[in-house]
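**Student:** Quick one: structure below, then a few questions.
There are 2 protein chains.
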Amino acid sequence: MSPSSSPPPSDELDRDVDVDELTGAELAEVWALLDVEERRRALPLLPRREAEDLFLARPTPEQAELILDLPADERRAWLRLLPPDDAADLVQHAPAETRSALLDLLEPATRREVRGLLAYADDEAGGLMNPYYARLRPEMTITEAMGYLRRYAREHREGPYYLYVLDAEQRLVGTVSFRELFAAEPGARIADVMRQELVTVSDDTDQEALSRLFETHRFLALPVVDEQGRMKGVVTIDDIVEVVQEEATEDIQKMGGTEALDAPYLATDFFTLTRKRAGWLSVLFVGEMLTATAMGWFEDEIARAVILALFIPLIISSGGNSGSQATTLVIRAMALGEVRLRDWWRVMRRELASGLVLGGILSAIAVLRFVVWQLAFDAYGEHWGPIAITVAGSLVGVVTFGTLAGSMLPFVLRRLGLDPASASAPFVATLVDVTGVLIYFSLASVLLRGTLL
Amino acid sequence: MSPSSSPPPSDELDRDVDVDELTGAELAEVWALLDVEERRRALPLLPRREAEDLFLARPTPEQAELILDLPADERRAWLRLLPPDDAADLVQHAPAETRSALLDLLEPATRREVRGLLAYADDEAGGLMNPYYARLRPEMTITEAMGYLRRYAREHREGPYYLYVLDAEQRLVGTVSFRELFAAEPGARIADVMRQELVTVSDDTDQEALSRLFETHRFLALPVVDEQGRMKGVVTIDDIVEVVQEEATEDIQKMGGTEALDAPYLATDFFTLTRKRAGWLSVLFVGEMLTATAMGWFEDEIARAVILALFIPLIISSGGNSGSQATTLVIRAMALGEVRLRDWWRVMRRELASGLVLGGILSAIAVLRFVVWQLAFDAYGEHWGPIAITVAGSLVGVVTFGTLAGSMLPFVLRRLGLDPASASAPFVATLVDVTGVLIYFSLASVLLRGTLL
Numbered sequence: 004m005s006p007s008s009s010p011p012p013s014d015e016l017d018r019d020v021d022v023d024e025l026t027g028a029e030l031a032e033v034w035a036l037l038d039v040e041e042r043r044r045a046l047p048l049l050p051r052r053e054a055e056d057l058f059l060a061r062p063t064p065e066q067a068e069l070i071l072d073l074p075a076d077e078r079r080a081w082l083r084l085l086p087p088d089d090a091a092d093l094v095q096h097a098p099a100e101t102r103s104a105l106l107d108l109l110e111p112a113t114r115r116e117v118r119g120l121l122a123y124a125d126d127e128a129g130g131l132m133n134p135y136y137a138r139l140r141p142e143m144t145i146t147e148a149m150g151y152l153r154r155y156a157r158e159h160r161e162g163p164y165y166l167y168v169l170d171a172e173q174r175l176v177g178t179v180s181f182r183e184l185f186a187a188e189p190g191a192r193i194a195d196v197m198r199q200e201l202v203t204v205s206d207d208t209d210q211e212a213l214s215r216l217f218e219t220h221r222f223l224a225l226p227v228v229d230e231q232g233r234m235k236g237v238v239t240i241d242d243i244v245e246v247v248q249e250e251a252t253e254d255i256q257k258m259g260g261t262e263a264l265d266a267p268y269l270a271t272d273f274f275t276l277t278r279k280r281a282g283w284l285s286v287l288f289v290g291e292m293l294t295a296t297a298m299g300w301f302e303d304e305i306a307r308a309v310i311l312a313l314f315i316p317l318i319i320s321s322g323g324n325s326g327s328q329a330t331t332l333v334i335r336a337m338a339l340g341e342v343r344l345r346d347w348w349r350v351m352r353r354e355l356a357s358g359l360v361l362g363g364i365l366s367a368i369a370v371l372r373f374v375v376w377q378l379a380f381d382a383y384g385e386h387w388g389p390i391a392i393t394v395a396g397s398l399v400g401v402v403t404f405g406t407l408a409g410s411m412l413p414f415v416l417r418r419l420g421l422d423p424a425s426a427s428a429p430f431v432a433t434l435v436d437v438t439g440v441l442i443y444f445s446l447a448s449v450l451l452r453g454t455l456l
Numbered sequence: 004m005s006p007s008s009s010p011p012p013s014d015e016l017d018r019d020v021d022v023d024e025l026t027g028a029e030l031a032e033v034w035a036l037l038d039v040e041e042r043r044r045a046l047p048l049l050p051r052r053e054a055e056d057l058f059l060a061r062p063t064p065e066q067a068e069l070i071l072d073l074p075a076d077e078r079r080a081w082l083r084l085l086p087p088d089d090a091a092d093l094v095q096h097a098p099a100e101t102r103s104a105l106l107d108l109l110e111p112a113t114r115r116e117v118r119g120l121l122a123y124a125d126d127e128a129g130g131l132m133n134p135y136y137a138r139l140r141p142e143m144t145i146t147e148a149m150g151y152l153r154r155y156a157r158e159h160r161e162g163p164y165y166l167y168v169l170d171a172e173q174r175l176v177g178t179v180s181f182r183e184l185f186a187a188e189p190g191a192r193i194a195d196v197m198r199q200e201l202v203t204v205s206d207d208t209d210q211e212a213l214s215r216l217f218e219t220h221r222f223l224a225l226p227v228v229d230e231q232g233r234m235k236g237v238v239t240i241d242d243i244v245e246v247v248q249e250e251a252t253e254d255i256q257k258m259g260g261t262e263a264l265d266a267p268y269l270a271t272d273f274f275t276l277t278r279k280r281a282g283w284l285s286v287l288f289v290g291e292m293l294t295a296t297a298m299g300w301f302e303d304e305i306a307r308a309v310i311l312a313l314f315i316p317l318i319i320s321s322g323g324n325s326g327s328q329a330t331t332l333v334i335r336a337m338a339l340g341e342v343r344l345r346d347w348w349r350v351m352r353r354e355l356a357s358g359l360v361l362g363g364i365l366s367a368i369a370v371l372r373f374v375v376w377q378l379a380f381d382a383y384g385e386h387w388g389p390i391a392i393t394v395a396g397s398l399v400g401v402v403t404f405g406t407l408a409g410s411m412l413p414f415v416l417r418r419l420g421l422d423p424a425s426a427s428a429p430f431v432a433t434l435v436d437v438t439g440v441l442i443y444f445s446l447a448s449v450l451l452r453g454t455l456l
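Heads up: the protein sequence lines correspond to chains A and B, in order.
The first sequence lines up with residues 4 to 456 when you count with the working numbering.
The second sequence lines up with residues 4 to 456 when you count with the working numbering.
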């Protein structure tokens, strides 16, 4: 054990750090590297306030891991720290049989809030929202609002981001930021300073749409309202940073041909990790078997011209690579809202043109290689010309097919209501491999008939 | 043209919306779908305050696009709206020859700030930070602090996120949140309520480390200090949401085998798009040529047993797919800080085991297919047994090599100071293709000697 008094730069960090000697900020820095045992041991060693801040800042699965094995009274103390939205998340992460016991640990008022929140999916605005927020009335003066905020701040652990102005029916009629409150004359009415152009979401707005709204408007919080315009709660930007990372991670893992892990890589147990990869890998393998079937149809051609076989990996993988590029670009653009379903035709025209140009570039490299190797080593025999043309032509065809398949598959999946990110690089590559074999040998049959075949 | 009075759900959105009829919120919703001409036309149609809010919320490249062609006096009005950090970003995005003209449009005080910020790279804390923030003195009372904030709010367009307490040498000695300020007794001293455990960054902290700090601590803002602890500015969470998306987009594009586009897909012109894809595609193509070379060494074996050629795509692509999975998982875990350089050995052991298990599963599927096809169609002739064993053995070898190469390559790249995300799925697939050919034919030479070969 080599104790370390201040956190060293990330990558040289010594994992055998002595958790007993760290402050809250230092512990937060090395937290990701500790295992759950070390974390449970480290937390009570901190001053209470630092320990609470650290606990509150952790993502939900970790909070659950940290407190679920504690004795009931300690568990209660930690659980009651959480605002209702986070408490609801934690309850959702707990094993089903412990959930009602957890709910019983909450104060009755919070318990009701949490039960209400549990009805929402955790990737919707309703599941992310906090039902506590600072509410004002239009007829309040600025001084009255300040007085209310003073009480609010004493009762709540999280500061309000914005102030929401509700009418008597709890309908949202305006918002005021702290800056605007401070800038206003003390005697002015809230109704005079509030903003009335409202951007609101409903409780079933999904988290991807939500994060796009936060990016577009640069708000710190967005109000959730029901169909009658009644305020239900707020979604705050700190949850959105987590959402954005989670969504990107999920998409990246799917694009890589894995099911989303839903947990850090090193924290995922070996069985789960392997299972989440084996599914797609097996499906792709069975699909890829079609290449063997397709090549079987051309066994005679291969027997007569073994040289044709040499270029198979080169040709099909070029299609796979261009397809990976196209699918990745389109999936990401869709996730960011830059490309929508109705853009498919624009994307298709672009990708068709891209495919032809990229295929042309690779063909040129291939032809150059044929010419140089042929002149230098007589590598490909007397029929090298037609072979070169076959390879070059196949490259244009396969690369163009790859970019088209890669770019259109995400549209097809989204149109079918599936996740575009499932059009993973390996999936597209497999699709293009099978087609690539067919394109290559079909072209060879035509171009080499009478010479090599 | 079909005018639309309220923004319809994203995917059915009519692109031919009439921009003249939209409110600020509606315009923000459809903004991504408008081209630059429509945007320039739409902005002045809005009430001034809504137009300003919309402009302020846009990412820098768009702000530049919107104002750079305007007459100088209009350009000045827009430019002066921006806080210094955003103004510096905009100047950085402008063509080099217009930069000093832009700087001249700023007020002298702001111009000095902006010049200072221009010295920082825009992916470091220094480049993201805003030099304006609300500063307090430890000896102020709460009432005095409130009075100061009132003046601050009137002078600045962005509200402060936290209040920073500086000593006489401008060293940061504490922070106070709004909640804490409101909760405190009016006569209390700032020194009594401020938090003294500080999390700070320096101006060269890179944006990936920065976004991890925001996630770990759930702060709304982080102070930037120099080596003497003197406060330089603040980085705020709204910039971080953008950074997180940008970093994920960059990584995703690199993982897909493209250079990072640095602009929305549909906004990237065809030439740039093609150039950013052609580079890697050509490099991979030249690498993939080695498969032809490698297979050339085994031309005699293929001629004697054409059946061997049929399984080449199946075997090498399985290695490529498992390699894509591994590299994607590891690159993302590194980007999230879940896996560090020194974890390479843990990752390697896991991936070795994963590779063997996954390879085993695919082998089992392959053997099943051989047995069924052989019994049903006598598909592979008298030597089907040794062929099946060769294919199955190669699969274990190639898949294991794929996961190892895919998982270790990001470590190697990071160790060399390069971006781990360059270990793209296509790159790993190409590497594994070449090795896969060698593994397969070497195993075949040994196992089939005396029978087929």
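The C-beta atom is built at its ideal place from N, Cα and C for all residues, glycine as well.
Figure out for me which residue from A:116, A:399, A:343 and A:71 has the closest Cα to the Cα of residue 98 of chain A.
**Tutor:** Position 95 of the first sequence, counted from the first residue, corresponds to residue 98 of chain A. That would be A:71, whose Cα lies nearest to the Cα of residue 98 of chain A.
**Student:** When the cut-off is 8 Å and only beta carbons count, does residue 341 of chain A lie next to chain B?
**Tutor:** Translated into the one-based positions of the first sequence, residue 341 of chain A becomes position 338. With 8 Å as the cut-off, residue 341 of chain A counts as an interface residue toward chain B.
**Student:** Would you report the Cα separation of residue 16 of chain B and residue 230 of chain A, rounded to the nearest angstrom?
**Tutor:** Mapped onto the second sequence, residue 16 of chain B falls at position 13. Mapped onto the first sequence, residue 230 of chain A falls at position 227. Confidence is the limiting factor: at residue 16 of chain B the pLDDT is only 40, short of 50, which leaves the residue's position unreliable and the question unanswerable from this model.
**Student:** Count the C-beta pairs between the stretch 164-181 of chain B and the stretch 232-240 of chain B that are closer than 8 Å, then say yes if the count reaches three, no if not.
**Tutor:** yes
**Student:** Could you name the residues of chain A that residue 300 of chain B contacts, counting a contact when the two beta carbons are closer than 9 Å?
**Tutor:** For this step, residue 300 of chain B is matched to residue 297 along the second sequence. By Cβ distance, chain A contributes nothing, its closest Cβ being about 10 Å from residue 300 of chain B, past 9 Å.
**Student:** Does DSSP put residue 358 of chain A in a helix, a strand or coil?
**Tutor:** Locating residue 358 of chain A in the first sequence gives position 355, counting from the first residue. In this structure, residue 358 of chain A counts as helix in the three-state DSSP scheme.
**Student:** At the level of alpha carbons, what is the spacing between residue 454 of chain A and residue 310 of chain A?
**Tutor:** Counting from one through the first sequence, the residue named residue 454 of chain A turns up at place 451. Counting from one through the first sequence, the residue named residue 310 of chain A turns up at place 307. Taking the straight line joining both Cα atoms gives about 13 Å.
**Student:** Provide the residue span of the beta strand (DSSP E) that contains residue 226 of chain A, from first to last.
**Tutor:** Stepping through the first sequence from its first residue, residue 226 of chain A is reached at position 223. Unbroken beta strand (DSSP E) run through residue 226 of chain A: 224-228.
**Student:** Taking residue 361 of chain A as the reference, which of A:340, A:328, A:51 and A:374 has the closest Cα?
**Tutor:** The residue given as residue 361 of chain A occupies position 358 in the first sequence. Taking only the C-alpha atoms, the option nearest residue 361 of chain A is A:328.
**Student:** So, with DSSP's three-state summary, where would you put residue 110 of chain A?
**Tutor:** Within the first sequence, numbered from 1, the residue matching residue 110 of chain A stands at position 107. In this structure, residue 110 of chain A counts as coil in the three-state DSSP scheme.
**Student:** With distances taken from CA atoms, which of B:93, B:52, B:250 and B:136 is nearest residue 200 of chain A?
**Tutor:** Stepping through the first sequence from its first residue, residue 200 of chain A is reached at position 197. With distances taken between Cα atoms, residue 200 of chain A lies closest to B:52.
**Student:** So residue 297 of chain A packs on residue 305 of chain A, CB below 8 Å; how close in whole Å?
**Tutor:** If you number the first sequence from 1, residue 297 of chain A lands on position 294. If you number the first sequence from 1, residue 305 of chain A lands on position 302. Residue 297 of chain A to residue 305 of chain A, Cβ: 12 Å. No contact.
**Student:** State yes or no: is the beta carbon of residue 18 of chain B nearer than 8 Å to at least one beta carbon in chain A?
**Tutor:** Along the second sequence, read from residue 1 onward, the residue named residue 18 of chain B stands at position 15. Unreliable placement is indicated for residue 18 of chain B, whose pLDDT of 43 sits below 50; no coordinate value is reported for it.
**Student:** Whole angstroms is fine: what's the gap from residue 384 of chain A's alpha carbon to residue 377 of chain A's?
**Tutor:** As a position in the first sequence, residue 384 of chain A is number 381, starting the count at 1. As a position in the first sequence, residue 377 of chain A is number 374, starting the count at 1. Cα to Cα, the separation comes out at about 8 Å.
**Student:** To which residues of the same chain is residue 434 of chain A closer than 6 Å at the C-beta, ignoring the five residues directly before and after it?
**Tutor:** By one-based count along the first sequence, residue 434 of chain A stands at place 431. For residue 434 of chain A, where only same-chain residues beyond five positions count, the Cβ hits under 6 Å are 408.
**Student:** List the residues that DSSP assigns as beta-bridge partners of residue 136 of chain A.
**Tutor:** Within the first sequence, numbered from 1, the residue matching residue 136 of chain A stands at position 133. For residue 136 of chain A, which the question treats as bridged, DSSP gives no partner whatsoever.
**Student:** At the 8 Å Cβ level, is residue 229 of chain A part of the contact set with chain B, yes or no?
**Tutor:** Counting from one through the first sequence, the residue named residue 229 of chain A turns up at place 226. For residue 229 of chain A, the answer is no, since every Cβ of chain B falls outside 8 Å of its Cβ.
**Student:** Just checking: is the beta-carbon of residue 63 of chain B within a distance shorter than 8 Å of some beta-carbon in chain A?
**Tutor:** Your numbering for residue 63 of chain B matches position 60 in the second sequence. Cβ-Cβ to chain A under 8 Å: no for residue 63 of chain B.
**Student:** Are the stretch 209-218 of chain B and the stretch 209-219 of chain A touching by the rule of at least three beta carbon pairs closer than 8 Å?
**Tutor:** With a cut-off of 8 Å, the stretch 209-219 of chain A and the stretch 209-218 of chain B do not count as touching, because too few Cβ pairs lie within range.
**Student:** Do residue 316 of chain B and residue 324 of chain A have their CB atoms nearer than 8 Å?
**Tutor:** Taking the first residue of the second sequence as position 1, residue 316 of chain B is located at position 313. Taking the first residue of the first sequence as position 1, residue 324 of chain A is located at position 321. No. Outside cutoff.
**Student:** Under the three-state reduction of DSSP, which class applies to residue 433 of chain A: helix, strand or coil?
**Tutor:** Translated into the one-based positions of the first sequence, residue 433 of chain A becomes position 430. DSSP places residue 433 of chain A in helix when its eight states are reduced to three.
**Student:** Who are the neighbours of residue 316 of chain B on chain A, taking C-beta pairs under 8 Å?
**Tutor:** Translated into positions along the second sequence, residue 316 of chain B becomes position 313. 291, 294, 295, 298, 315, 316, 319, 436 and 440, listed in chain order.
**Student:** Which residue comes first and which comes last in the beta strand (DSSP E) that contains residue 234 of chain A?
**Tutor:** Taking the first sequence and counting its residues from 1, the one referred to as residue 234 of chain A is at position 231. Counting along the chain, the beta strand (DSSP E) containing residue 234 of chain A begins and ends at 234-239.
**Student:** Roughly how many whole angstroms lie between the Cα atoms of residue 251 of chain B and residue 330 of chain B?
**Tutor:** As a working note, residue 251 of chain B is residue 248 in the second sequence. As a working note, residue 330 of chain B is residue 327 in the second sequence. Approximately 15 Å between the Cα atoms of the pair.
**Student:** What residue does the alpha helix (DSSP H) around residue 397 of chain A start on, and which one ends it?
**Tutor:** Residue 397 of chain A sits at position 394 when you count from the first residue of the first sequence. Note, residue 397 of chain A: alpha helix (DSSP H), 387-418.
**Student:** Taking Cβ positions only, does residue 451 of chain B come closer than 8 Å to chain A?
**Tutor:** On the second sequence, residue 451 of chain B is found 448 positions in, with the first residue counted as 1. Residue 451 of chain B does not count as touching chain A.
**Student:** Determine, for residue 425 of chain A, whether the minimum Cβ-Cβ distance to residues of chain B falls below 8 Å.
**Tutor:** As a first step, residue 425 of chain A is located in the first sequence; it is residue number 422 there, counting from the start. No, because no Cβ of chain B sits closer than 8 Å to the Cβ of residue 425 of chain A.
**Student:** Mind checking if residue 446 of chain B is an interface residue toward chain A, Cβ cutoff 8 Å exclusive?
**Tutor:** Here the question's residue 446 of chain B lines up with position 443 in the second sequence. So, not an interface residue.
**Student:** Closer than 8 Å, CB to CB, is residue 170 of chain A near chain B or not?
**Tutor:** Position 167 of the first sequence holds residue 170 of chain A. False, the Cβ-Cβ gap to chain B never drops below 8 Å.
**Student:** What in chain A is Cβ-close to residue 287 of chain B, meaning under 7 Å?
**Tutor:** Residue 287 of chain B sits at position 284 when you count from the first residue of the second sequence. Chain A residues near residue 287 of chain B: 324.
**Student:** Can you list, in chain order, the residues of its chain whose CB lies under 6 Å from that of residue 370 of chain B, leaving out five sequence neighbours each side?
**Tutor:** The count along the second sequence starts at 1 and reaches residue 370 of chain B at position 367. Excluding residues within five positions, the ones whose Cβ falls inside 6 Å are 391 and 395.
**Student:** Pick helix, strand or coil for residue 178 of chain B, following the three-state DSSP scheme.
**Tutor:** By one-based count along the second sequence, residue 178 of chain B stands at place 175. It is a strand residue.
**Student:** Count the other CB atoms, across all protein chains shown, that sit within 10 Å of the CB of residue 6 of chain A; report buried if there are 16 or more and exposed otherwise.
**Tutor:** What you label residue 6 of chain A is simply residue 3 of the first sequence in a count that begins at 1. For residue 6 of chain A, the predicted structure reports a pLDDT of 36, less than 50, and the residue's modelled location is therefore unreliable. A value from the coordinates is still provided. Exposed, since its Cβ has fewer than 16 Cβ neighbours within 10 Å.
**Student:** Going by beta carbon distance, what residues of the same chain come within less than 8 Å of residue 406 of chain B, once the five residues before and after it are set aside?
**Tutor:** For the purposes of this step, residue 406 of chain B is identified with residue 403 of the second sequence, where counting begins at 1. These residues qualify, in order along the chain: 325, 326, 328, 329, 354, 355, 357, 358 and 361.
**Student:** Give the DSSP bridge partners of residue 209 of chain A, in chain order.
**Tutor:** The residue labelled residue 209 of chain A in the question sits at position 206 within the first sequence. A:127.
**Student:** Name the chain A residues that come within less than 7 Å of residue 220 of chain B, Cβ to Cβ?
**Tutor:** As a position in the second sequence, residue 220 of chain B is number 217, starting the count at 1. Chain A residues near residue 220 of chain B: 31 and 60.
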